[in-house]
Every structure is written in structure tokens, then in C-alpha cells.
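Novice:
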Amino acid sequence: MVLARDVRVWADDGLDPRALARRLAARFPTCHTFAVEGLVGASPELLVARDGAAVRSRVLAGTVGRDPDPATDAAGGEWLRTSAKDRREHDHAVESARAALAPVCDELAVDDQPWLLDLANVRHLATDLRGAGATAGALPDTLALVDRLHPTAAVCGTPATAALSALRELESLDRARYAGPVGWVDGRGDGEVAVALRCAEVDARSARLFAGAGIVGDSRPEAELEETRLKLEAMRTALRSA
7 MVLARDVRVW
17 ADDGLDPRAL
27 ARRLAARFPT
37 CHTFAVEGLV
47 GASPELLVAR
57 DGAAVRSRVL
67 AGTVGRDPDP
77 ATDAAGGEWL
87 RTSAKDRREH
97 DHAVESARAA
107 LAPVCDELAV
117 DDQPWLLDLA
127 NVRHLATDLR
137 GAGATAGALP
147 DTLALVDRLH
157 PTAAVCGTPA
167 TAALSALREL
177 ESLDRARYAG
187 PVGWVDGRGD
197 GEVAVALRCA
207 EVDARSARLF
217 AGAGIVGDSR
227 PEAELEETRL
237 KLEAMRTALR
247 SA
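Numbering-wise, our numbering comes out as the position in the sequence shown, counting from 1, plus 6.
#1: Given that a residue counts as buried once 16 or more other Cβ atoms are within 10 Å of its Cβ, and exposed if not, what is Gly220?
#2: Got a sec, what are the start and stop residues for the alpha helix (DSSP H) His98 sits in?
#3: For Arg226, is the classification buried or exposed, using 16 other Cβ atoms within 10 angstroms of its Cβ as the cut-off for buried?
#4: Quick one: measure Cβ to Cβ for Val1 and Ala206, integer angstroms, because I've assumed they're closer than 8 Å.
#5: Where DSSP assigns a beta bridge to Leu9, which residues make up the other side?
#6: Where Glu233 and Gly218 are concerned, what is the direct C-alpha to C-alpha distance, given to the nearest angstrom?
#7: Can you tell me whether DSSP reads Leu176 as helix, strand or coil?
#8: Given this structure, state the Cα-to-Cα distance separating Val100 from Leu26, to the nearest angstrom.
#9: Here's the rule I'm using: 16 or more other beta-carbon atoms within 10 Å means buried, otherwise exposed. How should Thr88 be labelled?
#10: Is the beta carbon of Val65 less than 8 Å from the beta carbon of Thr148?
#11: Looking at C-alpha atoms only, which residue of Ala10, Ala32, Arg14 and Arg136 is the closest neighbour of Ala244?
#12: Where does Pro109 land, buried or exposed, given buried means 16+ other C-beta within 10 angstroms?
#13: So, for Leu179: in the same chain, excluding its five sequence neighbours on each side, which residues have a beta-carbon less than 6 Å away from its beta-carbon?
#14: In the DSSP output, which residue or residues are listed as bridge partners for Trp190?
#15: Among Arg246, Ser212, Val208 and Pro35, which one has its Cα closest to the Cα of Val42?
#16: Please classify Ser49 as buried or exposed, where buried requires at least 16 neighbouring CB atoms within 10 angstroms.
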């Protein structure tokens, strides 16, 4: 399962969601930056994109921090690539996405091996899925695909029903819109929807930041806590620049 935590911060001079979004977009140009009624973030994880008869999804699970020293940074990436715990967590997430998309695609290609997605502050194990229908009408529209995929194992756990039950018992917070779908859909049913990660609920003078970590059998509490700290740093950096 994936446990989340939140952190609340306050600002003396007020917070501008648009300015926060601009800072996030500058630091994380490959992420999906969003600002929707006070929810601001830059998510690296594509839940689903539909373009006619084509569909894409990107699964992320497994994280390591970056280091300014190139040798140490490279060693961290190699550690993540070979980490049995992180690979197990990642494989669960990939299988949940595959199971959701395979029944509605005539063709579905999944990366043979996870690869490293490099961001400014962290690296993730990543796997892309690419599907197709014979025609645009053969695929469900974007919202129907979101319904099939959400919540992913990368933000909930698997099997989903058991994971959700455990989260309701163990997680001591209301996630609000954290880890939910965020994106756009057009009148043809095409669209692009990310998972609302690396985000905060922002009002005039405070922000509530969220981060989560996947828990498997050999997880170490201190390592999972450190993973959430690394993820929170994305929004903390944007706030410190205010």
C-alpha cells in the first residue's frame, strides 16, 4: 500500500498560486504543471493520455534522491535500478496499469524494463505503456480510461480494495485532491490527465503539502520517511523562492 503524509506551512506575505506554478514549471520542465482552484503542483506521472486511437500511460514507483556530485549521483541511480524492494513496488504498479488498459486496447506495448526518470531533486523508476484501438471509437474516452486506472497501485496499493481499506484504517489524514486525476479533456474524448503529485493545497497565507511512499514487505520506516521528505522538497523549494 502507499501511505501519505501532509505538512502545513505558513507565509507572512501571502502566496500566489500562479507564481508557484511558474517556479515549478521552470524547475521541472518535463512534468505536468497545474494550478486548479488552489491545488498547485508539478507531477511527473501521466495517468493517461488519449489521442484518437492511441493511448499512453506512465507508471512511476521507486525513488532515490539526486546528489550534486556526479559519481555519487550515478551510484544512486544504479542502486535504484538494482533495488529488489523498489523493483517489486514498481512491478505491482505496472501490472495494475496493464490490467486496466489491456481489455480496452487492440494492442498494448509495455517497456520491457523500467528506466530512470531524472528530475531536479529525485530519480524514479519509470515504465511507459502505449496502447491502440483499431479506430478512435474503439477506445473509451479519456474520462472512462481515468475511471479504469484510478487509483493506481503507485498511489494506493494492490489489490486496490484491500489497500483502500488499510489506508482508511492507518492513514491519519484526508488526502483531499492529492493523488487524484488532474488534466484536461476535449469534446472528442481526447485528453491528458496526470496524477496530482508533488502538490499543495494553497490559500492566501498557507499551504498544505503532500507526499507518499509505497510500503512493501521489506520496507524500512526511516527510508520511507526520507522518500517523502525528498518528494516534499519539490514544493518546499518553490515556496522558499516566494
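A virtual CB, placed ideally from N, CA and C, is assigned to each residue, including glycine.
Specialist: Taking the structure as given:
#1: In the sequence shown, counting from the first residue as 1, residue 220 sits at position 214. Under this definition Gly220 is a buried residue.
#2: What you label residue 98 is simply residue 92 of the sequence shown in a count that begins at 1. Segment Ala90 to Leu107, the alpha helix (DSSP H) holding His98.
#3: Within the sequence shown, the letter at position 220 stands for residue 226. Classification for Arg226: exposed.
#4: This structure cannot speak to residue 1, because the chain is shown only from 7 to 248.
#5: Locating residue 9 in the sequence shown gives position 3, counting from the first residue. Leu9 is bridged by DSSP to Ala219.
#6: Here the question's residue 233 lines up with position 227 in the sequence shown. Here the question's residue 218 lines up with position 212 in the sequence shown. Cα to Cα, the separation comes out at about 8 Å.
#7: The count along the sequence shown starts at 1 and reaches residue 176 at position 170. In the structure shown, Leu176 sits in a helix (DSSP, three-state: H, G or I).
#8: On the sequence shown, position 94 is the one that residue 100 refers to. On the sequence shown, position 20 is the one that residue 26 refers to. If I take the Cα positions, the gap works out to 31 Å.
#9: Here residue 88 refers to the residue found at position 82 of the sequence shown. Of the other Cβ atoms in all chains shown, fewer than 16 fall within 10 Å of the Cβ of Thr88; this residue is therefore exposed.
#10: Reading the sequence shown from its first residue, position 59 is the one you call residue 65. Reading the sequence shown from its first residue, position 142 is the one you call residue 148. Cβ atoms of Val65 and Thr148: not closer than 8 Å.
#11: As a working note, residue 244 is residue 238 in the sequence shown. Residue nearest to Ala244 within the set Ala10, Ala32, Arg14 and Arg136 is Ala32 (criterion: CA-CA distance).
#12: Position 103 of the sequence shown, counting from 1, holds the residue named residue 109. Burial call: exposed.
#13: Translated into the one-based positions of the sequence shown, residue 179 becomes position 173. Within the same chain, and ignoring the five residues on either side of Leu179 in sequence, the residues whose Cβ sits closer than 6 Å to its Cβ are Asp12.
#14: Translated into the one-based positions of the sequence shown, residue 190 becomes position 184. Per DSSP, Glu198.
#15: Here residue 42 is taken as the residue at index 36 of the sequence shown, counted from 1. Nearest neighbour of Val42 by Cα position, chosen from Arg246, Ser212, Val208 and Pro35, turns out to be Val208.
#16: Stepping through the sequence shown from its first residue, residue 49 is reached at position 43. Burial call: buried.
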